[in-house]
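Per the numbering used here: the sequence shown = residues 143 to 379.
Working notes for the structure below.
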Amino acid sequence: MLIVKTGTARTALVEPDGDFEDWIERRLGRPAQVCSVFEGEQLPTPGETSVVVTGSVTMVGDGEPWIDRTAAWLRDVVDAGAPVLGICFGHQLLAHALGGRVGPNPRGREIGTVGVDLAEGAASDPLLGGLPARIDVQATHLESVLELPPGAELLASSPLDPHHAFRVGGRRAWGVQFHPEFSAPVIRDFIEARWADLEAEGGDPRRLLAGVHETRWGGDILGRFAGLNGHPVLDRR
């Protein structure tokens, strides 16, 4: 298992509780290698290794050289048939790499514990199949996948984001806009860190904070992903 780290969470919880890769690894239930591409580390040759791409404070359109290099690498990984899971920025980067369109969400910022509705096609999906028609997940993002890549299948949506999850047609590659690795304390910290921005945008951070609660579905999804290559799933709490 390889975690492609595309940034740091930069929250008050990073020091005591870890960062994106630690939260992901905890819920995967198995150890993983980490490649910090945003810091210049070199990606391995694409093969059969399962790949998780993290979130980031960087935007796909920022034009940093490592973004284009990672997008090209992701295309090769998908072509090789390896399991891929892009999370938030990773979801957007995967879509961009495969011909989708990413940009500022015209519906505005989405943050907090949100309800995501699964599409009909999710019922038979290896990652999302068998989950309830609506799941509560943690999310925080300003940009979104505005157009899915050609041939991608829509798997989930929310009122603020119609492309919350997709699967690359015929491949074991998924993007999820939400953060399956986040706990309730992590998303509370994100809301508190963006309090002034939320108020300036006309949002109600107090209401958002009051609506935050733990949800099991992120851990379930990451545990399923860990099992795609026959890896044993350990305690994901």
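A virtual CB, placed ideally from N, CA and C, is assigned to each residue, including glycine.
Please read these numbers as outputs of a predicted model, since none were measured by experiment.
State buried or exposed for residue i, treating a residue as buried only when at least 16 other CB atoms are found within 10 Å of its CB.
i, result
"residue 341", "exposed"
"residue 319", "buried"
"residue 196", "buried"
"residue 374", "Residue placement at residue 374 is poorly supported in this model, since its pLDDT is 40, which falls under 50; the coordinates are not used for a value here."
"residue 266", "exposed"
"residue 293", "exposed"
"residue 199", "exposed"
"residue 355", "exposed"
Could you check the C-alpha separation between residue i and residue j for me, to the nearest Å?
i, j, result
"residue 368", "residue 212", "22 Å"
"residue 183", "residue 177", "6 Å"
"residue 298", "residue 257", "10 Å"
"residue 189", "residue 215", "11 Å"
"residue 348", "residue 300", "21 Å"
"residue 237", "residue 328", "26 Å"
"residue 308", "residue 290", "8 Å"
"residue 208", "residue 334", "30 Å"
"residue 143", "residue 306", "24 Å"
"residue 296", "residue 270", "12 Å"
"residue 228", "residue 234", "8 Å"
What is the residue span of the beta strand (DSSP E) that residue i lies within?
i, result
"residue 231", "Not the beta strand (DSSP E): residue 231 falls in the alpha helix (DSSP H), residues 231-239."
"residue 190", "Segment: none, residue 190 is in no beta strand (DSSP E) and carries neither H nor E."
"residue 259", "252-260"
"residue 295", "295-300"
"residue 181", "That residue, residue 181, is in no beta strand (DSSP E); it is neither H nor E in DSSP."
Note the first and the last residue of the continuous alpha helix (DSSP H) segment covering residue i.
i, result
"residue 213", "207-221"
"residue 174", "Element bounds for residue 174: n/a, residue is neither H nor E."
Tell me whether residue i sits in a helix, a strand or coil according to DSSP, three-state version.
i, result
"residue 276", "strand"
"residue 148", "coil"
"residue 308", "strand"
Assuming residue i contacts residue j (C-beta within less than 8 Å), just tell me the rounded distance between them.
i, j, result
"residue 226", "residue 315", "4 Å"
"residue 324", "residue 360", "7 Å"
"residue 285", "residue 202", "7 Å"
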